[in-house]
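Each remark here refers to the structure printed beneath this line.
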């Protein structure tokens, strides 16, 4: 069987891409960050159109719902919610970010220009209750994402693993489209698991349309951690397989 690659229409998705100001950003430390993540199985055939050719689809295919609240950052507190589609670059698991929404204009600007987050302004919240954790994104008064972890149960932070993100962005210097790998580091102070409950997801708000067809919930986790947003180490040509089109950047 020949290898399977993503079929993302890069030109169409470029309209929502951020412009990245080169690849020499410094690290950010986000202390005490709260992270809610759900994994949900999706229909694999249409989802190939939601990852670029530089990635292979995950088998089985799944979506990653993530809402993170950072109480501290160089631009102040912010909360960001996003939807990713899981895949691989080479043999390594990665999540291609369809769209991010953030409640801070300053954070939107910096996350887009430093790491290529495909980010836009939105009303994003992460609320901890005694029996659940609720992440929500609201646009113009409409809830476009509401994800919950129910029946909270303590686990070790060492039991939680997050995969690196891939961001389609436009390089300011040459205006070329690239896929930027962002692989944060996490130092956990708390971990929880629970029942995943996706209350609402407007696939059009995240640019996915009919290509994102949700199936079975897989897992939900919540963590408190120090997140290090890293220096950029790798970029990929979105139109070439990762083994051919990846560039390692100088440290």
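Numbering (our numbering), first residue to last: 94 to 344.
Just so you know, even glycine gets a beta-carbon here, dropped at the ideal spot from N, CA and C.
In this text, all values refer to a predicted model and were calculated from it rather than measured experimentally.
Residue pairing by DSSP places residue 329 opposite 272 and 339 in a beta bridge.
Setting aside the 5 residues that flank it on each side, residue 170 is surrounded in the same chain by 162, 163, 164 and 197, each with a C-beta closer than 8 Å to its C-beta; the list follows chain order. Between residue 221 and residue 327, the alpha-carbon positions lie close to 35 Å from each other.
Within the same chain, Cβ atoms closer than 6 Å to the Cβ of residue 244 are found at 287 and 288, the five residues on either side in sequence being excluded. With contacts defined as CB atoms closer than 8 Å, residue 202 and residue 118 fail to qualify as a contacting pair. Here residue 284 is buried: its Cβ has 16 or more other Cβ atoms, across all protein chains shown, within 10 Å. If you look at residue 180, you'll find it in the beta strand (DSSP E) that goes 171-182. In summary, residue 141 is buried, with 16 or more beta-carbon neighbours lying within 10 Å of its beta-carbon over all protein chains present. For the pair residue 312 and residue 132, the CB atoms are nearer than the 8 Å cut-off. Per the C-alpha coordinates, the member of 223, 227, 317 and 257 positioned closest to residue 250 is 317.
Residue 239 has 229 and 293 as its beta-bridge partners, per DSSP. For residue 193, the CB contacts under 8 Å within the same chain, skipping 5 residues up- and downstream, are 173, 174, 175, 204, 210, 211, 212 and 213 in chain order. Residues 139, 140, 142 and 143 of the same chain have their beta carbon placed closer than 7 Å to that of residue 304, with the five preceding and five following residues left out of the count. DSSP places residue 168 outside both helix and strand once states are collapsed to three, so it counts as coil.
Cα atoms of residue 96 and residue 148: separation of roughly 11 Å, rounded to the nearest angstrom.
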